[in-house]
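Here the structure is laid out as structure tokens; the discussion comes afterwards.
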Amino acid sequence: MAAKFEVYIASKKYPSIKMCETIFPIVGKIQFSEKCIVWNGWLPTKEDVLYTQDDEQIERCVLNGKVVSFDGKAGSYIIGARQYFENGVFSTELWFDTSYFPELDANISNEFCNSFCQLTKQNILGLCIVAEIKFFAMGTEMCVDYSERLDESIKKSHNVMCYWSKKASRD
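For the sequence shown, this note's numbering begins at 1 and goes up steadily by one.
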């Protein structure tokens with residue numbers, strides 16, 4: 001497997017996985033499995049299978065400290081997502097394998113990366129009203145350490161190509 005292109009979203013309200021199917025441009029129609037796996041926190045000690053159609057049940061799981069993971073496809077490409085509640089926000093992580101889009105597996109930004117990130121940013125900002133997004137970041141093999149203090153958060157994060165914060169936005 002190649003590197004993963006990832007998006008991290010921190011929001012005040014729970015964004016359903018259905019809402020997240022519109023985030024990535026050009027990867028094709030995204031469709032997550034009808035089932036998701038619920039973990040007791042970060043340790044894979046117990047898992048339950050839920051149906052993703054029940055957004056309220058998934059939101060309750062997340063609020064109760066569970067980590068919910070989703071598998072899906074975008075055309076023939078594998079895509080994944082994880083949702084959890086941490087630091088007072090709903091955290092959603094989405095990713096896909098860059099072997100399908102090798103231009104995204106780059107240490108230095110290129111024209112394709114910039115265009116892809118810009119389109120993805122526009123799609124995420126479209127969710128702002130419903131999910132009350134506070135922050136998002138994207139990058140390849142990214143590590144985001146989110147906190148309310150944006151400067152500290154970005155300093156502790158790695159491989160972030162692009163980020164947005166409601167605090168810093170003039171949109």
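Yeah, the Cβ is synthetic: ideal placement off N, Cα and C, and Gly gets one too. Since the structure is predicted, the reported quantities are computational estimates derived from the model, not experimental observations.
In terms of CA proximity to Lys-73, Phe-96 leads the group Phe-96, Lys-35, Asn-110. Separation of the CB atoms of Phe-90 and Pro-15 is rounded to 7 Å, and the pair is thereby assigned contact status at 8 Å.
When the alpha-carbon of Gln-31 is set against those of Phe-70, Leu-63, Lys-66, the nearest one is in Phe-70.
Nearest neighbour of Lys-121 by Cα position, chosen from Val-38, Ser-153, Cys-162, turns out to be Cys-162. For Leu-104, the closest C-alpha among the options Glu-141, Asn-40, Asn-123 is that of Glu-141.
In the three-state reduction of the DSSP assignment, Val-144 falls in the coil class, being assigned neither a helical nor a strand state. DSSP places Glu-86 within a strand segment (E or B) once states are collapsed to three. Asn-123 places its beta carbon less than 8 Å from that of Pro-25. CA-CA distance, Tyr-146 to Ser-76, rounds to 32 Å. Within a 10 Å sphere around the beta-carbon of Gln-83 sit 16 or more other beta-carbons, which makes this residue buried.
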